[in-house]
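Straight run, no breaks: the sequence shown in my numbering ends on number 247.
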Amino acid sequence: MKSISYLFLVLALIAEILGTIGGFGSSVFFVPIANFYFDFESVLGLTAIYHLSSNLSKILLFRKGLDIKLLFNIGIPSVILVVVGGLLAKVFQSYYLEIGLGVFLVGLSLLFLLKKDLVIKPNRKNAIVGGSLSGFSAGLLGTGGAIRGLTMAAFNLEKNVFIATSAFIDLLIDASRTVVYFFNGFIHRHDLIYVPFLLVIGFVGTSIGKKILKYIPQDKFKKISLSLILLIGLITLTNLLLK
């Protein structure tokens with residue numbers, strides 16, 4: 005039986021807490037962390053399963069907030085494009101996908117940190133474009149929450165509405181890509197030992213994140229969150245260069 009890395013589980017819990025507070029979702033932290041412990045295909049498979057639990061927890065804890073209009077405008081294109089991205093993940097070599105992930109995290113975090121006044125107009129067109137890019141990135145690289153977060157931020161949603169709507173969209177994305185990853189062969193039997201732990205961590209981390217969220221101004225924490233994403237992206241790229 006494969007031995008369990010408890011340090012990885014602790015880091016996964018931290019990723020869930022940060023993902024809940026920062027509004028980006030846990031995958032933006034979980035994917036690069038898991039990449040140090042598993043091959044990239046396993047990372048994609050585990051992320052999809054883990055995120056299902058994470059988003060169900062957010063829906064349960066933030067269920068009073070849901071914007072149906074945004075759910076359709078962002079969610080439908082996200083689901084369609086996550087399938088496309090998931091299928092393409094089978095085509096590209098994992099090494100290049102890992103490089104893409106590192107560049108994606110560094111580039112996006114720097115963009116948000118440097119362009120503090122970056123604004124996306126809250127209209128249907130931008131919601132569809134943002135949902136499409138978010139879904140495609142989630143399918144191909146394992147994470148697209150940062151793009152969706154930026155898109156949804158344009159609509160100036162209250163925290164509970166933001167998190168609940170994002171979680172519903174993410175749930176649709178994860179259900180779709182889990183099926184694609186399964187048929188791609190990315191969900192490996194020897195990795196399933198982690199699934200029960202990750203399901204519990206998804207709920208516990210979301211609960212802790214919700215409590216902390218009450219005491220931290222969202223704008224200040226997002227700066228910290230983006231800085232951590234930048235750091236993780238740089239570590240991911242450095243790790244690849246040292247291989």
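Think of the CB as a built atom: it goes at the ideal place given N, C-alpha and C, for glycine as much as any other residue.
As the structure is a computational prediction, the values presented were derived from the model and not from experiment.
Taking 8 angstroms as the cut-off, the Cβ atoms of L60 and L175 count as close.
Straight-line spacing of the CA atoms in V47 and L244 works out to 15 angstroms. In its chain, beyond the 5 residues on either side, E20, Y54, S57, S58 and S61 have a beta carbon closer than 7 angstroms to the beta carbon of G206. With 16 or more other Cβ atoms from the protein chains shown falling within 10 Å of its own Cβ, I151 counts as buried. Here G149 is not near G237, since their CB atoms are 8 angstroms or more apart. Around the beta carbon of K214, 16 or more other beta carbons lie within 10 angstroms, which makes this residue buried. Taking the Cα positions, L74 is about 31 angstroms away from L235.
Judged by pairs of C-beta atoms under 8 angstroms, the segment 81-93 touches the segment 136-143, as three or more such pairs exist. It is roughly 27 angstroms from the alpha-carbon of G134 to the alpha-carbon of F187.
In its chain, beyond the 5 residues on either side, S113, F116 and L117 have a beta carbon closer than 7 angstroms to the beta carbon of L230. Residue environment analysis places S82 among the buried positions, since at least 16 neighbouring C-beta atoms fall within 10 angstroms of its C-beta. With a minimum length of 3 residues, there is no unbroken run of beta strand (DSSP E) contained wholly in the segment 151-228. Note that the C-beta distance between P126 and F76 is not below 8 angstroms. If you draw a 10 Å sphere on the C-beta of Y10, you find fewer than 16 other C-beta atoms in it, and that means exposed. With fewer than 16 other beta carbons inside 10 angstroms of its own, G189 counts as exposed.
The C-beta of V14 has fewer than 16 other C-beta atoms within 10 Å across all chains shown, which makes the residue exposed. Under a 10 Å Cβ-count criterion, I228 is classified as exposed, with fewer than 16 other Cβ atoms of the shown protein chains found around its own Cβ. Pairing S98 with F42, the inter-Cα distance amounts to about 11 angstroms. Boundaries of the alpha helix (DSSP H) around Y100: S98 to L118. With respect to F225, G26 sits close: the two C-beta atoms are nearer than 8 angstroms. Inter-residue distance for I103 and E45 is about 14 angstroms (C-alpha atoms, whole angstroms). Looking at S30, I18 and T51, the one whose alpha-carbon comes closest to that of H192 is T51.
Judged by DSSP in its simplified three-state form, T242 adopts helix.
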